[in-house]
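Each residue of the sequence shown is one higher than the last, beginning at 1 in UniProt numbering.
Structure first, commentary second.
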Amino acid sequence: MTVEIDIDVRCEDSNLTIVNMTYATTGNHFNDTLTYSCLEGFTHTYGDLKRRCDHLGVWTGTRPICEKLCSCQQPNYIQLNETELGTRLLEIKSNLSVRANETSRARRLKTCARDDRPSTKAIGVLGGVLIGIFVFLIVACDISSLLA
């Protein structure tokens, strides 16, 4: 048993034209179809090429987009034999190689930054005094055993 319902719904037809495309429609009533096709030199990149007028009066799917085909030329490839390829690779490698000790990071590791704050000078002096006392105590202990 088939039930046919006659719905008097119209889809908007003033906004159907899309750049770089042509369209054909069977009408703008419920269940009518709208078919898009890209112009010559353009290709379909997004959206639905076939849409239908639904019961709410809205075309189903998303608006399609056609974009220009790339008219780019094929790149020129270089035909090299094994020895030429090896020579080219060595040349490229020598141009791109950087010695590890010539990098900015390596140079920064070897450079000390000057610090004139009084606190850093005080810590340095204190460290020197403590090391001096430690060395003096070791020598003083040995001097008493040498003199005996």
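Every residue gets a Cβ at the ideal spot worked out from N, C-alpha and C, and that includes glycine.
In this text, all values refer to a predicted model and were calculated from it rather than measured experimentally.
Going by CA-CA distance only, name the one from the options that's closest to residue i.
| i | options | result |
| --- | --- | --- |
| residue 28 | 118, 48 and 54 | 54 |
| residue 66 | 103, 107 and 22 | 22 |
| residue 62 | 49, 71, 72 and 73 | 49 |
| residue 70 | 146, 142, 45 and 137 | 45 |
Mind checking who residue i pairs with in its DSSP beta bridge?
| i | result |
| --- | --- |
| residue 37 | 22 |
| residue 46 | 65 |
| residue 55 | Beta-bridge pairing links residue 55 to no other residue. |
| residue 107 | Bridge partners of residue 107: none, in fact. |
| residue 99 | Paired residues: none, contrary to the question. |
| residue 10 | 29 |
Taking the Cβ atom as the reference point for each residue, do residue i and residue j lie within a distance shorter than 8 Å?
| i | j | result |
| --- | --- | --- |
| residue 30 | residue 9 | yes |
| residue 75 | residue 18 | no |
| residue 106 | residue 113 | no |
Beta-carbon within less than 8 Å of residue i's beta-carbon, same chain only, minus the 5 sequence neighbours each way: which residues are those?
| i | result |
| --- | --- |
| residue 13 | 25 and 28 |
Leaving out five residues before and five after residue i in sequence, what residues of the same chain have Cβ atoms less than 7 Å from its Cβ?
| i | result |
| --- | --- |
| residue 34 | 16, 23, 25, 51 and 59 |
| residue 68 | 41 and 42 |
| residue 118 | none |
Which residues in the same chain have their Cβ closer than 6 Å to the Cβ of residue i, if we skip the five residues on either side of it in sequence?
| i | result |
| --- | --- |
| residue 47 | 62, 63, 64 and 65 |
| residue 36 | 21, 23, 49 and 64 |
Quiz item: Can you find at least 3 beta carbon pairs, one from the segment 31-42 and one from the segment 77-89, that sit closer than 8 Å?
Solution: No contact exists between the segment 31-42 and the segment 77-89.
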